[in-house]
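2 protein chains.
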Amino acid sequence: MHPDRSPEPAAPSTGRLSRRHLLLGGAAAGVGAAALVGADSLLNTRSTPPLGETPGAAAHGGQTVPFHGTHQAGVETPPQAHGKFVAVDLAEDVDAEKIRRLLTLLSDDAAKLTQGKAALADSEPELAFVPARLTVTFGFGPGLVDRVPGVPAPAWLKPLPEFSVDRLRPEWNSGDLLMQICADDPLTVSHAARMLIKDTRAFGTVRWTQDGFRRAYGAEPDGTTMRNLMGQVDGTVNARPDTDAFETMVWEPRDNPEWLHGGTGMVVRRIAMDLDEWDRLDRPGREESVGRRLFDGAPLTGGTEHDEPDFDALTPLGFPRIAEYAHIRRARSDNPDEQVFRRAYNYDVPTLGDEGQDAGLIFVSYQSDVDLQFVPIQRRLDELDLLNEWISPIGSAVFAVPPGCAEGGFIGETLFPA
Amino acid sequence: MHPDRSPEPAAPSTGRLSRRHLLLGGAAAGVGAAALVGADSLLNTRSTPPLGETPGAAAHGGQTVPFHGTHQAGVETPPQAHGKFVAVDLAEDVDAEKIRRLLTLLSDDAAKLTQGKAALADSEPELAFVPARLTVTFGFGPGLVDRVPGVPAPAWLKPLPEFSVDRLRPEWNSGDLLMQICADDPLTVSHAARMLIKDTRAFGTVRWTQDGFRRAYGAEPDGTTMRNLMGQVDGTVNARPDTDAFETMVWEPRDNPEWLHGGTGMVVRRIAMDLDEWDRLDRPGREESVGRRLFDGAPLTGGTEHDEPDFDALTPLGFPRIAEYAHIRRARSDNPDEQVFRRAYNYDVPTLGDEGQDAGLIFVSYQSDVDLQFVPIQRRLDELDLLNEWISPIGSAVFAVPPGCAEGGFIGETLFPA
Ligand code: HEM
Ligand code: HEM
Numbered sequence: 001m002h003p004d005r006s007p008e009p010a011a012p013s014t015g016r017l018s019r020r021h022l023l024l025g026g027a028a029a030g031v032g033a034a035a036l037v038g039a040d041s042l043l044n045t046r047s048t049p050p051l052g053e054t055p056g057a058a059a060h061g062g063q064t065v066p067f068h069g070t071h072q073a074g075v076e077t078p079p080q081a082h083g084k085f086v087a088v089d090l091a092e093d094v095d096a097e098k099i100r101r102l103l104t105l106l107s108d109d110a111a112k113l114t115q116g117k118a119a120l121a122d123s124e125p126e127l128a129f130v131p132a133r134l135t136v137t138f139g140f141g142p143g144l145v146d147r148v149p150g151v152p153a154p155a156w157l158k159p160l161p162e163f164s165v166d167r168l169r170p171e172w173n174s175g176d177l178l179m180q181i182c183a184d185d186p187l188t189v190s191h192a193a194r195m196l197i198k199d200t201r202a203f204g205t206v207r208w209t210q211d212g213f214r215r216a217y218g219a220e221p222d223g224t225t226m227r228n229l230m231g232q233v234d235g236t237v238n239a240r241p242d243t244d245a246f247e248t249m250v251w252e253p254r255d256n257p258e259w260l261h262g263g264t265g266m267v268v269r270r271i272a273m274d275l276d277e278w279d280r281l282d283r284p285g286r287e288e289s290v291g292r293r294l295f296d297g298a299p300l301t302g303g304t305e306h307d308e309p310d311f312d313a314l315t316p317l318g319f320p321r322i323a324e325y326a327h328i329r330r331a332r333s334d335n336p337d338e339q340v341f342r343r344a345y346n347y348d349v350p351t352l353g354d355e356g357q358d359a360g361l362i363f364v365s366y367q368s369d370v371d372l373q374f375v376p377i378q379r380r381l382d383e384l385d386l387l388n389e390w391i392s393p394i395g396s397a398v399f400a401v402p403p404g405c406a407e408g409g410f411i412g413e414t415l416f417p418a
Numbered sequence: 419m420h421p422d423r424s425p426e427p428a429a430p431s432t433g434r435l436s437r438r439h440l441l442l443g444g445a446a447a448g449v450g451a452a453a454l455v456g457a458d459s460l461l462n463t464r465s466t467p468p469l470g471e472t473p474g475a476a477a478h479g480g481q482t483v484p485f486h487g488t489h490q491a492g493v494e495t496p497p498q499a500h501g502k503f504v505a506v507d508l509a510e511d512v513d514a515e516k517i518r519r520l521l522t523l524l525s526d527d528a529a530k531l532t533q534g535k536a537a538l539a540d541s542e543p544e545l546a547f548v549p550a551r552l553t554v555t556f557g558f559g560p561g562l563v564d565r566v567p568g569v570p571a572p573a574w575l576k577p578l579p580e581f582s583v584d585r586l587r588p589e590w591n592s593g594d595l596l597m598q599i600c601a602d603d604p605l606t607v608s609h610a611a612r613m614l615i616k617d618t619r620a621f622g623t624v625r626w627t628q629d630g631f632r633r634a635y636g637a638e639p640d641g642t643t644m645r646n647l648m649g650q651v652d653g654t655v656n657a658r659p660d661t662d663a664f665e666t667m668v669w670e671p672r673d674n675p676e677w678l679h680g681g682t683g684m685v686v687r688r689i690a691m692d693l694d695e696w697d698r699l700d701r702p703g704r705e706e707s708v709g710r711r712l713f714d715g716a717p718l719t720g721g722t723e724h725d726e727p728d729f730d731a732l733t734p735l736g737f738p739r740i741a742e743y744a745h746i747r748r749a750r751s752d753n754p755d756e757q758v759f760r761r762a763y764n765y766d767v768p769t770l771g772d773e774g775q776d777a778g779l780i781f782v783s784y785q786s787d788v789d790l791q792f793v794p795i796q797r798r799l800d801e802l803d804l805l806n807e808w809i810s811p812i813g814s815a816v817f818a819v820p821p822g823c824a825e826g827g828f829i830g831e832t833l834f835p836a
């Protein structure tokens, strides 16, 4: 019936499993056996006949991003299609020693999962075999750092100052431990989140989870800037990971305590969009509110997406071509310190009845000093930015993102000097 | 800085937009201009320099599935990575004439969006330019059909009989109009849903929305059967759209009224999985509950995924190798009528605190007579199926899926004979 079937994979045969099950007892034997099998083997050997006319595509699910290194993955990593942000609150009795245990557990599972291997106690090991560029990035809130005696927190590791645009809801704020789980496959993200959340269960509870998305892997030509749900090209002016500007912005230690060197700071803001009101605005009005064209993200002063806006250009009537209230004018600073690296995701949560849409942007920025780099920009936007008519921050959290670790180490080990 | 940039696309220039804006007034002019631009042009002309080391991939976002045809798309279409199911309840004053208007509007926008074109009043036209195999499939609940005078409903168009496994919650049940919105890109699905839900606003309210996912497009080799969140290969024994079996199962009119010929019946069941309990079960137990191996979905009686299970095989101790309570034994029927075509999606909704996971399967099946084909299977599974220990249907709805339409027509036109 299917003559092109590949030979039986070197999988645990059911017979063998049953024998081992009898000999060794249950789950451990089975899971252990399956966990030996890595992503490659599953992707390559499970050949099934094509269903209907699905067009050809090379399997990208096997791609991995290294977990170990100087910096954590998931910051420089070109944004994957899906991002899940999980904030955990630690239970009261979780002290430094328990934090160390938790971080060891999490790092170990993240290291495995990102490489397409099953987590230690993986209940669905096969779901791990499609890493799809999975990265897991950990961030620490003040509530975690405070519990490790003798460890100073960076001065900026606290809730952001209040802004007049804020409509913050407690359920989207703060958190002791943040896990940013990103991959090009939604099932991979779901599975990794499940495994990692299980690791945290004995140590705390989930405070919030935010699911985000961008364009699917390969849906657009490589390097196409994402669009947000207002339809704007979003992410054009953003340092590129291979540049000095990026190094300075994200990895420069500045005044951070030593345990954070090689790490950075992270801001997560859930920003709701009033899309129904936005829909009432005409197209030129929309373009003026940002200062860029909707069609291709080029500045209103002409050229294409990556051309420099001309902030001095005037209309024939003598008004600035890019308005004083335009988002890109307000977000840009002459001060080289005031720069952040943005890595945002869209969100769109189903609603009922005639509630309208619960959609917006999971704004994520990385910068080594949140007070120095992020706050002045947000303050300027708070004072004047036409976009504020249609957007409201409803959640806000700040995390310290510790450096990466070498094999055998764990994320956060620098909190516990030997 | 970016010398490989492509020349300025033939896009509405801002200057022209502003002129037209002055002449014609606001939104209409702007949106109209952009709407002239189709998927191809945007995908090909918005060339930006590659960001970091994103590996190469041909853009699949330009792929389209025809909207017009004998049957609606989204049934035979190889399942896309993302599926959104939106059930709308019609307002009390919506009569046959209004239904006709609503369906005309929806069909028109679905026809455009699936071909990568902006919807009629598209507020974010550029989000429409990546069709990514978008399909929109409409289903009619009894509440819609009843409102069209003189139109008989198929006998099976009613809530399913009660089953003892059911834990139905009213918020996931029924609905007058169903829109199944599937594409390989999550932003495409989000945008299409927004446009189509807006079309329905004057006619009713959203009763429920279910977001589902499978593996990302191209993440696994073509034709790989999906896995569900229990880790099982799910969808192995399922008729292929190009076969006689499929034709009979899905498109055979049987006793359906004439307006439904070329259409079919649809069952949507939201089935929650108790993954925490499932995790407690050992691997052999899991495999026995289904009758297939977890590693590759092959029957417990050997071979590979698509080999026939041997339901007569016995273990050395004389027990059936595929247990009496195994899901695949219970789900299979000797009666050739009792066959359905399954097209399910996973769901995984973020939860808070220690609520555990809100995850499961959006079970979707197509069959031309729900009573004849689906109900007996579900009844058998209700009586005995070890999987029932870990799964509970929490939502249930039945829809009549009308035939496709030709260009210029609309889905549901057969309800309104000339
Ligand atoms: C929902 C909320 C927001 C939306 C829809 C939005 C949208 C945009 C868009 C369309 C651009 C132009 C394209 C680009 O360069 O990426 C832009 C640029 C920018 N945005 Fe935002 N943005 C939002 C929130 C924020 C926030 C909270 C910040 C930081 C506090 C921020 C900082 C920036 C910066 C720094 C730029 C680049 C400006 C330049 O130098 O040209 N944005 N944003
Ligand atoms: C969460 C709920 C369910 C899960 C996890 C599940 C899982 C599975 C799995 C793993 C298989 C074997 C692989 C395959 O052939 O696809 C299977 C087969 C099947 N399932 Fe389910 N299933 C569920 C609900 C249902 C329901 C509600 C029905 C119909 C009432 C159904 C009907 C079938 C049929 C007809 C087969 C093929 C049986 C054969 O080999 O002939 N399943 N299911």
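Sequences listed follow chains F and H, in order.
Per the working numbering, the first sequence starts with residue 1, numbered consecutively.
Per the working numbering, the second sequence starts with residue 419, numbered consecutively.
Ideal Cβ positions, reconstructed from N, Cα and C, are used throughout, including at glycine.
Quick caveat: nothing in here was measured; it's all calculated off a predicted structure.
Could you name the residues that DSSP lists as bridge partners for L508/H?
G622/H
Cβ-Cβ distance between G827/H and T488/H below 9 Å
no
Quick one, are the C-beta atoms of I688/H and I780/H less than 9 Å apart?
Strictly speaking, residue 688/H in this sequence is Arg, with Ile absent from that position. Result yes, Cβ atoms of R688/H and I780/H sit closer than 9 Å.
Helix, strand or coil for S190/F? Go by DSSP, reduced to three states.
helix
For the beta strand (DSSP E) containing P393/F, list its first residue and its last residue.
I391 to V401
Rounded to whole angstroms, what's the CA-CA distance from D730/H to P738/H? Just pull it up for me.
7 Å
Give me whichever residues DSSP pairs with Q598/H in a beta bridge.
F503/H and T555/H
What in chain H is Cβ-close to H71/F, meaning under 8 Å?
Ordered by position in chain H, no residue passes the 8 Å Cβ test against H71/F, which lies about 13 Å from the chain.
With DSSP run on the structure shown, which of helix, strand or coil describes M644/H?
coil
Do you know offhand how far D458/H's Cα is from K530/H's?
Bear in mind that a pLDDT of 40 at D458/H, under 50, signals an unreliable position, so the model cannot answer this.
Counting C-beta neighbours from all protein chains within 10 Å, is the total for T733/H 16 or more, i.e. buried, or is it exposed?
exposed
Using Cβ-Cβ distances below 9 Å, what residues of the region 373 to 387 of chain F are close to chain H?
none
Could you tell me whether the Cβ of T623/H comes closer than 9 Å to any Cβ of chain F?
yes
Which chain F residues sit within Cβ distance under 8 Å of M613/H?
Those within 8 Å of M613/H in chain F number zero; the least Cβ separation is about 10 Å.
Taking 8 Å as the cut-off, is the beta-carbon of T642/H closer than that to any non-hydrogen atom of ligand 2?
no
So which residues of chain F does T769/H contact, with C-beta pairs closer than 8 Å?
V206 and T209
Could you check whether F374/F and G175/F sit closer than 9 Å to each other, using their CB atoms as the reference points?
no
By alpha-carbon positions, which one of W259/F, E252/F, L90/F and D211/F ends up nearest to A418/F?
W259/F
Closer than 8 Å by beta-carbon distance: list the chain F residues that pair up with Y635/H, in chain order.
A57, A216, Y217, G218 and A219
Hey, could you find the ends of the beta strand (DSSP E) T682/H is sitting in?
T682 to M691
Spatial neighbours of A505/H in its chain, beta-carbon cut-off 6 Å, leaving aside the 5 residues before and after
G593, L596, R625 and W626
Quick check: what's the CA-CA separation for P154/F versus G263/F?
12 Å
Does any CB atom of chain F fall closer than 9 Å to the CB of G649/H?
yes
Quick one: is T243/F buried, meaning 16 or more other Cβ sit within 10 Å of its Cβ, or exposed?
exposed
If you count every other CB in all the chains shown that lies within 10 Å of the CB of G150/F, and 16 or more means buried, which is it?
exposed
Burial state of R585/H (16 or more Cβ within 10 Å):
exposed
How about W390/F: is its C-beta nearer than 9 Å to some C-beta of chain H?
no
Kindly indicate if chain H contains any beta-carbon less than 9 Å away from that of A359/F.
yes
Could you spell out the range, first to last residue, of the alpha helix (DSSP H) harbouring G360/F?
Segment D358 to Q367 is the beta strand (DSSP E) holding G360/F; no alpha helix (DSSP H) there.
Closer than 8 Å between beta carbons: that is the criterion. Which residues of the region 125 to 140 of chain F meet it against chain H?
P125, E126, L127, V130 and A132
State the Cα-Cα distance for the pair A815/H and A777/H, rounded to the nearest angstrom.
19 Å
Please indicate yes or no: does the CB of I746/H lie closer than 8 Å to some heavy atom of ligand 2?
yes
Which runs of the alpha helix (DSSP H) at least 4 residues long sit entirely within the region 710 to 778 of chain H? Give them in chain order.
745 to 749
Whole angstroms are fine: how far does the CA of V548/H sit from the CA of F341/F?
26 Å
Given that D697/H touches chain F, what residues does it touch there, using C-beta distances under 9 Å?
A27, A121, S123, E124 and K198
Cβ-based neighbour list, A509/H, same chain, cut-off 8 Å, excluding 5 preceding and 5 following
F621, G622 and T623
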